[in-house]
Amino acid sequence: MPDAPDPLPIPVVDNHTHLDIARDGEDAPDVGAAIAAAAAVGVDRLVQIGCDLAGARFTVDMVDRHPAMLGGVALHPNEVPRLAEAGGLRAAYAEIEELAAHPRVRVIGETGLDYFRTGPEGVGAQQDAFRWHIDLAKRTGKALQIHDRDAHDDVLRILDEEGAPARTVMHCFSGDMAMARTCAERGYYLSFAGTVTFKNAKGLRDALSVTPLDRVLVETDAPYLAPVPWRGATNAPYLVPHTIRTMAGVLGIAVPTLCQAVSDTSEAVYGPW
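Using this note's numbering, the letters of the sequence shown map in sequence onto residues 212 to 484.
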(Lines of atoms letter the chains of each structure in order from A and count residues from 1; the text may use other names and numbers.)
(Lines give C-alpha, C1' and ligand atoms only; values in the text may rest on other atoms or scores of the structure.)
Protein backbone atom coordinates (compact mmCIF):
# COMPACT_ATOMS: atom_id res chain seq x y z
CA MET A 1 0.00 0.00 0.00
CA PRO A 2 1.49 3.37 -0.99
CA ASP A 3 2.54 5.74 1.78
CA ALA A 4 0.31 8.71 2.48
CA PRO A 5 1.47 11.94 0.79
CA ASP A 6 1.89 15.23 2.57
CA PRO A 7 -1.53 16.80 3.19
CA LEU A 8 -2.87 19.47 0.89
CA PRO A 9 -3.19 22.99 2.32
CA ILE A 10 -6.82 23.35 1.20
CA PRO A 11 -9.21 20.38 0.86
CA VAL A 12 -10.17 19.17 -2.62
CA VAL A 13 -12.59 16.73 -4.26
CA ASP A 14 -11.77 13.43 -5.94
CA ASN A 15 -14.45 13.80 -8.58
CA HIS A 16 -14.33 10.23 -9.93
CA THR A 17 -13.54 7.08 -7.97
CA HIS A 18 -14.78 3.48 -7.83
CA LEU A 19 -14.82 2.24 -4.24
CA ASP A 20 -16.92 -0.75 -5.31
CA ILE A 21 -14.18 -2.20 -7.52
CA ALA A 22 -11.41 -4.52 -6.37
CA ARG A 23 -8.35 -5.10 -8.52
CA ASP A 24 -7.64 -8.71 -9.41
CA GLY A 25 -6.58 -10.69 -6.38
CA GLU A 26 -7.37 -7.91 -3.92
CA ASP A 27 -10.23 -7.25 -1.53
CA ALA A 28 -12.63 -4.41 -2.24
CA PRO A 29 -11.68 -1.28 -0.32
CA ASP A 30 -13.19 -0.52 3.06
CA VAL A 31 -15.23 2.55 2.18
CA GLY A 32 -15.11 4.21 5.57
CA ALA A 33 -11.36 3.69 5.84
CA ALA A 34 -10.82 5.00 2.29
CA ILE A 35 -12.78 8.15 3.07
CA ALA A 36 -10.89 8.69 6.34
CA ALA A 37 -7.49 8.17 4.70
CA ALA A 38 -8.37 10.68 2.00
CA ALA A 39 -9.65 13.26 4.47
CA ALA A 40 -6.42 12.99 6.46
CA VAL A 41 -4.45 14.33 3.47
CA GLY A 42 -6.93 16.99 2.37
CA VAL A 43 -9.25 15.08 0.04
CA ASP A 44 -12.41 15.59 2.05
CA ARG A 45 -15.10 14.95 -0.57
CA LEU A 46 -15.45 12.46 -3.38
CA VAL A 47 -17.78 11.34 -6.15
CA GLN A 48 -18.32 7.59 -6.22
CA ILE A 49 -19.13 6.32 -9.72
CA GLY A 50 -21.13 3.15 -10.29
CA CYS A 51 -20.88 2.07 -13.91
CA ASP A 52 -22.93 -1.11 -14.00
CA LEU A 53 -26.12 -2.08 -12.18
CA ALA A 54 -24.32 -3.58 -9.19
CA GLY A 55 -22.04 -0.55 -8.93
CA ALA A 56 -24.96 1.85 -9.24
CA ARG A 57 -26.85 0.09 -6.43
CA PHE A 58 -23.71 0.17 -4.28
CA THR A 59 -23.30 3.88 -4.97
CA VAL A 60 -26.82 4.77 -3.87
CA ASP A 61 -26.37 2.72 -0.70
CA MET A 62 -23.05 4.40 0.10
CA VAL A 63 -24.12 8.01 -0.47
CA ASP A 64 -26.80 7.52 2.17
CA ARG A 65 -24.17 6.37 4.67
CA HIS A 66 -21.27 8.74 4.01
CA PRO A 67 -21.72 12.55 4.01
CA ALA A 68 -18.36 13.00 2.24
CA MET A 69 -19.64 11.09 -0.79
CA LEU A 70 -21.84 12.05 -3.71
CA GLY A 71 -22.66 9.57 -6.45
CA GLY A 72 -22.89 8.95 -10.15
CA VAL A 73 -24.73 6.14 -11.93
CA ALA A 74 -24.68 4.92 -15.52
CA LEU A 75 -23.97 1.97 -17.77
CA HIS A 76 -20.31 2.05 -18.82
CA PRO A 77 -19.89 1.94 -22.61
CA ASN A 78 -18.21 -1.46 -22.35
CA GLU A 79 -21.14 -2.79 -20.33
CA VAL A 80 -23.73 -1.71 -22.90
CA PRO A 81 -23.03 -4.22 -25.73
CA ARG A 82 -23.18 -7.12 -23.27
CA LEU A 83 -26.54 -6.00 -21.96
CA ALA A 84 -27.84 -5.36 -25.46
CA GLU A 85 -26.83 -8.81 -26.64
CA ALA A 86 -28.51 -10.43 -23.63
CA GLY A 87 -31.71 -8.45 -24.14
CA GLY A 88 -31.40 -6.66 -20.82
CA LEU A 89 -30.73 -3.09 -21.87
CA ARG A 90 -34.25 -1.70 -21.49
CA ALA A 91 -34.60 -3.03 -17.94
CA ALA A 92 -31.14 -1.72 -17.09
CA TYR A 93 -32.05 1.75 -18.35
CA ALA A 94 -35.17 1.72 -16.17
CA GLU A 95 -33.18 0.85 -13.06
CA ILE A 96 -30.47 3.43 -13.76
CA GLU A 97 -33.14 6.10 -14.17
CA GLU A 98 -34.73 5.07 -10.87
CA LEU A 99 -31.39 5.15 -9.03
CA ALA A 100 -30.49 8.50 -10.61
CA ALA A 101 -33.47 10.09 -8.88
CA HIS A 102 -31.70 9.87 -5.51
CA PRO A 103 -30.90 13.44 -4.38
CA ARG A 104 -27.27 12.60 -3.55
CA VAL A 105 -26.71 11.13 -7.00
CA ARG A 106 -25.49 14.23 -8.82
CA VAL A 107 -23.90 12.62 -11.89
CA ILE A 108 -25.03 10.59 -14.87
CA GLY A 109 -21.87 8.74 -15.71
CA GLU A 110 -19.64 7.43 -16.63
CA THR A 111 -21.07 7.15 -20.11
CA GLY A 112 -19.62 7.72 -23.55
CA LEU A 113 -17.65 5.67 -26.06
CA ASP A 114 -14.82 3.16 -25.77
CA TYR A 115 -13.46 1.92 -29.07
CA PHE A 116 -10.40 0.34 -27.42
CA ARG A 117 -12.15 -2.59 -25.76
CA THR A 118 -15.31 -2.88 -27.86
CA GLY A 119 -15.11 -3.99 -31.47
CA PRO A 120 -17.05 -2.52 -34.39
CA GLU A 121 -20.05 -4.71 -33.61
CA GLY A 122 -20.60 -2.81 -30.34
CA VAL A 123 -20.29 0.74 -31.66
CA GLY A 124 -23.97 1.21 -32.51
CA ALA A 125 -25.13 0.09 -29.07
CA GLN A 126 -22.57 2.33 -27.37
CA GLN A 127 -23.59 5.37 -29.36
CA ASP A 128 -27.30 4.78 -28.72
CA ALA A 129 -26.62 4.38 -24.99
CA PHE A 130 -24.52 7.54 -24.93
CA ARG A 131 -27.42 9.47 -26.43
CA TRP A 132 -29.79 7.98 -23.86
CA HIS A 133 -27.54 9.01 -20.97
CA ILE A 134 -27.16 12.55 -22.36
CA ASP A 135 -30.94 12.84 -22.42
CA LEU A 136 -31.21 11.45 -18.89
CA ALA A 137 -28.71 14.01 -17.58
CA LYS A 138 -30.68 16.83 -19.16
CA ARG A 139 -34.05 15.53 -17.94
CA THR A 140 -32.80 15.13 -14.37
CA GLY A 141 -30.61 18.23 -14.23
CA LYS A 142 -27.55 16.17 -13.26
CA ALA A 143 -23.97 16.63 -14.42
CA LEU A 144 -22.71 14.30 -17.18
CA GLN A 145 -19.39 12.47 -16.85
CA ILE A 146 -17.96 11.15 -20.11
CA HIS A 147 -15.71 8.15 -20.73
CA ASP A 148 -13.85 8.70 -24.00
CA ARG A 149 -11.29 6.16 -25.14
CA ASP A 150 -10.07 6.25 -28.74
CA ALA A 151 -13.32 7.99 -29.70
CA HIS A 152 -12.70 11.74 -29.46
CA ASP A 153 -14.35 12.74 -32.74
CA ASP A 154 -17.51 10.70 -32.21
CA VAL A 155 -17.87 11.84 -28.60
CA LEU A 156 -17.74 15.50 -29.64
CA ARG A 157 -20.04 14.90 -32.61
CA ILE A 158 -22.71 13.19 -30.52
CA LEU A 159 -22.54 15.90 -27.87
CA ASP A 160 -23.09 18.45 -30.63
CA GLU A 161 -25.97 16.49 -32.15
CA GLU A 162 -27.76 15.87 -28.85
CA GLY A 163 -26.84 19.11 -27.10
CA ALA A 164 -24.51 18.70 -24.14
CA PRO A 165 -25.87 19.19 -20.62
CA ALA A 166 -24.92 22.46 -18.94
CA ARG A 167 -22.38 20.64 -16.75
CA THR A 168 -20.41 18.16 -18.85
CA VAL A 169 -17.20 16.62 -17.52
CA MET A 170 -14.59 14.83 -19.62
CA HIS A 171 -13.56 12.17 -17.11
CA CYS A 172 -9.90 11.09 -17.15
CA PHE A 173 -9.23 13.52 -19.98
CA SER A 174 -6.99 11.94 -22.60
CA GLY A 175 -7.02 14.42 -25.47
CA ASP A 176 -4.37 16.77 -26.80
CA MET A 177 -4.04 20.55 -26.65
CA ALA A 178 -6.43 21.07 -29.55
CA MET A 179 -9.11 18.94 -27.95
CA ALA A 180 -8.62 20.65 -24.59
CA ARG A 181 -9.19 24.01 -26.25
CA THR A 182 -12.26 22.69 -28.08
CA CYS A 183 -13.77 21.30 -24.89
CA ALA A 184 -13.07 24.47 -22.93
CA GLU A 185 -14.60 26.63 -25.67
CA ARG A 186 -17.77 24.54 -25.39
CA GLY A 187 -17.84 25.00 -21.63
CA TYR A 188 -16.95 21.43 -20.73
CA TYR A 189 -14.92 20.57 -17.64
CA LEU A 190 -11.71 18.53 -17.95
CA SER A 191 -10.91 16.10 -15.17
CA PHE A 192 -7.28 14.99 -14.91
CA ALA A 193 -6.26 11.69 -13.33
CA GLY A 194 -2.93 10.25 -12.25
CA THR A 195 -2.01 9.80 -15.90
CA VAL A 196 -1.01 13.47 -16.01
CA THR A 197 1.96 12.58 -13.77
CA PHE A 198 3.28 9.82 -16.04
CA LYS A 199 6.68 10.42 -17.63
CA ASN A 200 5.35 9.69 -21.13
CA ALA A 201 2.32 11.99 -20.79
CA LYS A 202 3.79 15.26 -22.07
CA GLY A 203 0.87 15.68 -24.48
CA LEU A 204 -1.57 15.43 -21.59
CA ARG A 205 0.36 17.99 -19.56
CA ASP A 206 0.35 20.27 -22.59
CA ALA A 207 -3.43 19.87 -22.74
CA LEU A 208 -3.72 20.80 -19.08
CA SER A 209 -1.53 23.86 -19.64
CA VAL A 210 -4.11 25.40 -22.01
CA THR A 211 -7.18 24.52 -19.92
CA PRO A 212 -8.78 27.49 -18.11
CA LEU A 213 -8.43 27.12 -14.35
CA ASP A 214 -12.19 27.24 -13.81
CA ARG A 215 -12.61 24.18 -16.07
CA VAL A 216 -10.07 21.98 -14.25
CA LEU A 217 -11.03 19.05 -12.01
CA VAL A 218 -8.99 16.24 -10.47
CA GLU A 219 -9.76 12.56 -9.96
CA THR A 220 -8.23 9.20 -9.18
CA ASP A 221 -10.32 6.76 -11.24
CA ALA A 222 -9.31 4.44 -8.39
CA PRO A 223 -8.41 1.63 -8.13
CA TYR A 224 -6.72 2.37 -11.47
CA LEU A 225 -4.12 4.92 -12.67
CA ALA A 226 -2.18 5.60 -9.48
CA PRO A 227 0.02 8.68 -9.91
CA VAL A 228 3.79 8.78 -9.91
CA PRO A 229 5.66 7.75 -7.74
CA TRP A 230 3.15 4.93 -7.27
CA ARG A 231 2.33 4.15 -10.89
CA GLY A 232 1.11 0.56 -11.14
CA ALA A 233 0.00 0.37 -7.50
CA THR A 234 -3.62 0.20 -6.42
CA ASN A 235 -4.96 3.73 -6.51
CA ALA A 236 -7.17 5.34 -3.86
CA PRO A 237 -8.54 8.81 -3.14
CA TYR A 238 -5.78 9.58 -0.62
CA LEU A 239 -3.23 9.69 -3.47
CA VAL A 240 -4.83 12.76 -5.11
CA PRO A 241 -2.21 15.14 -3.60
CA HIS A 242 0.47 13.71 -5.91
CA THR A 243 -1.67 14.58 -8.93
CA ILE A 244 -2.58 18.02 -7.60
CA ARG A 245 1.06 18.96 -7.05
CA THR A 246 2.02 17.90 -10.57
CA MET A 247 -0.92 19.83 -12.01
CA ALA A 248 0.00 22.99 -10.10
CA GLY A 249 3.49 22.80 -11.56
CA VAL A 250 2.15 22.40 -15.09
CA LEU A 251 -0.22 25.33 -14.66
CA GLY A 252 2.47 27.48 -13.04
CA ILE A 253 0.38 28.29 -9.99
CA ALA A 254 0.71 27.70 -6.27
CA VAL A 255 -0.72 24.50 -4.83
CA PRO A 256 -3.21 26.35 -2.57
CA THR A 257 -4.49 28.30 -5.57
CA LEU A 258 -5.18 25.11 -7.50
CA CYS A 259 -6.74 23.42 -4.48
CA GLN A 260 -9.17 26.29 -3.94
CA ALA A 261 -10.07 26.39 -7.63
CA VAL A 262 -10.68 22.63 -7.81
CA SER A 263 -12.81 22.75 -4.67
CA ASP A 264 -14.89 25.66 -5.95
CA THR A 265 -15.31 24.17 -9.41
CA SER A 266 -16.31 20.78 -8.02
CA GLU A 267 -19.11 22.38 -6.02
CA ALA A 268 -20.16 24.43 -9.04
CA VAL A 269 -20.51 21.20 -11.03
CA TYR A 270 -22.01 18.88 -8.41
CA GLY A 271 -23.55 21.19 -5.83
CA PRO A 272 -22.84 21.22 -2.10
CA TRP A 273 -22.03 18.01 -0.28
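Here a beta-carbon is modelled for each residue, glycine too, at the ideal position from N, C-alpha and C. Since the structure is predicted, the reported quantities are computational estimates derived from the model, not experimental observations.
- For ILE307, no pairing in a beta bridge is given by DSSP.
- With fewer than 16 neighbouring CB atoms inside 10 Å of its own CB, SER420 falls in the exposed class.
- Distance check between GLY460 and each of ALA479, ALA437, GLY330, ASP417 places ASP417 closest, using alpha-carbon atoms only.
- Taking one beta carbon from each stretch, the segment 249-263 and the segment 285-294 have 3 or more pairs nearer than 8 Å; the two touch.
- Contact between GLU237 and THR393 is absent: CB atoms are separated by about 38 Å, not below the 8 Å threshold.
- Ranked by how close their Cα comes to the Cα of ASP432, the residues CYS383, GLU372, THR422 have CYS383 in first place.
- In this structure, LEU355 places its C-beta atom within 9 Å of the C-beta atom of THR322.
- Judged by DSSP in its simplified three-state form, GLY333 adopts helix.
- According to DSSP, residue pairing for SER402 in a beta bridge involves LEU428.
- If one requires a minimum length of 3 residues, the beta strand (DSSP E) runs lying completely within the segment 221-300 are 223-228, 254-261, 280-284, in chain order.
- Rounded to whole angstroms, the separation of the alpha carbons of PRO222 and ILE455 is 11 Å.
- Per DSSP, the continuous beta strand (DSSP E) segment holding ARG360 begins and ends at 354-360.
- In this structure, the beta-carbon distance from GLY405 to ILE357 does not fall below 9 Å.
- Less than 9 Å divides the Cβ of GLY386 from the Cβ of ASP359.
- Note that the segment 221-235 touches the segment 426-443; at least 3 beta-carbon pairs, one per stretch, sit closer than 8 Å.
- Rounded to whole angstroms, the separation of the alpha carbons of PRO438 and LEU415 is 14 Å.
- In this structure, ARG350 is the residue among ASP364, LEU257, ARG350 with its C-alpha nearest to the C-alpha of ALA311.
- Non-local C-beta neighbours of HIS277 in its own chain, meaning closer than 8 Å and more than five positions away in sequence, comprise VAL242, GLY243, ILE246, ordered along the chain.
- Between the C-alpha atoms of GLU478 and ASP235 there is a straight-line separation of about 33 Å.
- Taking a 10 Å sphere around the C-beta of PHE341, we find 16 or more other C-beta atoms and assign the residue as buried.
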